[in-house]
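Scroll down for the structure; my scribbles are underneath it.
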Amino acid sequence: SATILAASMFSAASAADLTVGFSQIGSESGWRAAETTLTKQQAEERGIDLKFADAQQKQENQIKALRSFIAQGVDAILMAPVVATGWDEVLQEAKDADIPVILLDRKVDASDDLYLTAVTSDTVHEGKVAGQWLVDTVAGKPCNVVELQGTTGSSPAIDRKKGFEEAIAGHDNLKIVRSQTGDFTRTKGKEVMESFLKAEDGGKNICALYAHNDDMAVGAIQAIKEAGLKPGKDILVVSIDSVPDIFQAMAAGEANATVELTPNMAGPAFDALEAYRKDGKVPPKWIQTESKLYTQADDPMKVYEAKKGLGY
Ligand code: AHR
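Letter by letter, the sequence shown follows residues -15 to -1, 1 to 297 of mature numbering (1 follows the signal peptide of the UniProt record, and there is no 0).
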């Protein structure tokens, strides 16, 4: 069976024996920076020798990093794939070299026998939760929504759009009037929101912003304020991640809701890897992390304080 095969492929190894390559996307958001911090911490605590490569948002850099990890003969590879497509060849190379790959926080469009497991949230569900929050909050009133999408071609951008659209489908009072990528960054979020505001009568025509991550929402909040409007009131703000900064904005009444994504993807990933290497236990192809909705009713400053110690 697959389990027996895995056990025979590797001799029993403790975490301390493991060398793991980690191909990270970059540092586009507060969430991403926290994921990097926690992955390094987790590796250190477990005595794993972590080789870190920052791809600076470029898939070609990730492919190069993977090839370099393969050439070095690492025991395993963690990868947060910047986009969903174009991985088949390099994943096949890792497989041929018997190096298990674990995907972190984003998925790939490739056969699932090319990687060991994927540790991600249900990103469609996140979009649905955000959309449902808006449906409930506007309670039938007409509402023009602008959407800041994540990185084009990335699995969370595709899924969060889909989930949100599914949640608002059938609610004709809600209409997405503008939708553009803000690349998951604060700067781009602000810039694109400025263009949305200009195009929609200085923002008077906009009732809500849905941002695929908090960083873009934080940038957009700034743009809304500079346009002379009140974020959180004139324009409702709902986003995803639950980084500390969004709780400060929520405490100030400038953001309304956020869906939590844990930055600790490495914990479950290393657990799965250790069980695989030590006991030959083959993990499921998807290790799902929790998603949770926070609103202004959840004592945002308390959550802010609690979050700060957790990699942020
Ligand atoms: O893949 C997870 C997403 O990537 C986070 O929501 C976003 O902040 C990050 O850049």
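Glycine included, each C-beta is placed from N, C-alpha and C at the ideal position.
None of the values given here were measured: they were computed from a predicted structure.
The Cβ neighbour count for T70, taken over all protein chains shown within 10 Å, is under 16; the residue is labelled exposed. One thing to note: G174 has its Cβ within 7 Å of the Cβ of L133.
With respect to the 7 Å criterion, V104 and A61 are not classified as neighbours on the basis of their beta carbons. Cβ contact annotation for P141 (same chain, cutoff 7 Å, sequence separation greater than five): R91, T108, G135, H197, in chain order. K263 and R52 have their C-alpha atoms spaced approximately 25 Å apart. The set of residues with any CB-heavy atom separation to the ligand AHR below 5 Å comprises, in chain order, E13, S14, W16, R17, D90, R91, P141, F169, N198, D226. Using a 10 angstroms sphere on the CB of S180, the tally of other CB atoms stays under 16, which defines it as exposed.
In terms of Cα proximity to L88, the closest of G204, Y279, P268, Q207 is P268. Cα atoms of Y195 and A202: separation of roughly 8 Å, rounded to the nearest angstrom. S14 sits close to D200, with the two beta carbons spaced by under 7 Å. In the DSSP assignment, S276 falls within the beta strand (DSSP E) that extends over 276 to 280. In this structure, G238 lies away from G252, with their beta-carbon atoms at least 7 Å apart. Look at the beta carbons and you see the segment 116 to 131 touching the segment 146 to 156: at least three pairs across the two are nearer than 8 Å. Around the beta carbon of P127, fewer than 16 other beta carbons lie within 10 angstroms, which makes this residue exposed. Between F7 and L76, the C-beta spacing is not below 7 Å.
Rounded to whole angstroms, the separation of the alpha carbons of V123 and I209 is 19 Å.
Contact holds between the segment 158 to 170 and the segment 13 to 28, because three or more Cβ pairs, one in each stretch, are under 8 Å apart. Comparing alpha-carbon positions, the option among K277, A254, Q207 lying closest to R31 turns out to be A254. According to DSSP, residue pairing for S12 in a beta bridge does not occur.
The DSSP assignment places complete beta strand (DSSP E) segments of no fewer than 3 residues inside the segment 199 to 281 at 221 to 226, 242 to 246, 271 to 274, 276 to 280, in order along the chain. When only Cα atoms are considered, K36 and A28 end up about 10 Å apart.
Rounded to whole angstroms, the separation of the alpha carbons of Q57 and D157 is 56 Å. With a beta-carbon spacing of about 5 Å, P229 and K292 fall inside the 8 Å limit used to define contacts. Of V162, V67, D226, R163, the smallest CA-CA separation from Q47 is found for V67. Taking 7 Å as the cut-off, the Cβ atoms of K80 and L99 count as close.
One Cα belongs to G204, the other to P248, and the distance between them is close to 20 Å.
Comparing C-alpha distances from Q281 to each of L246, I231, G265, K43 shows the shortest one belongs to I231. For L23, the CB contacts under 7 Å within the same chain, skipping 5 residues up- and downstream, are P248, N249, A251, G296 in chain order.
In the DSSP assignment, Y195 is bridged to E132, V223. Shown here, S106 sits in a strand according to DSSP, grouped into three states.
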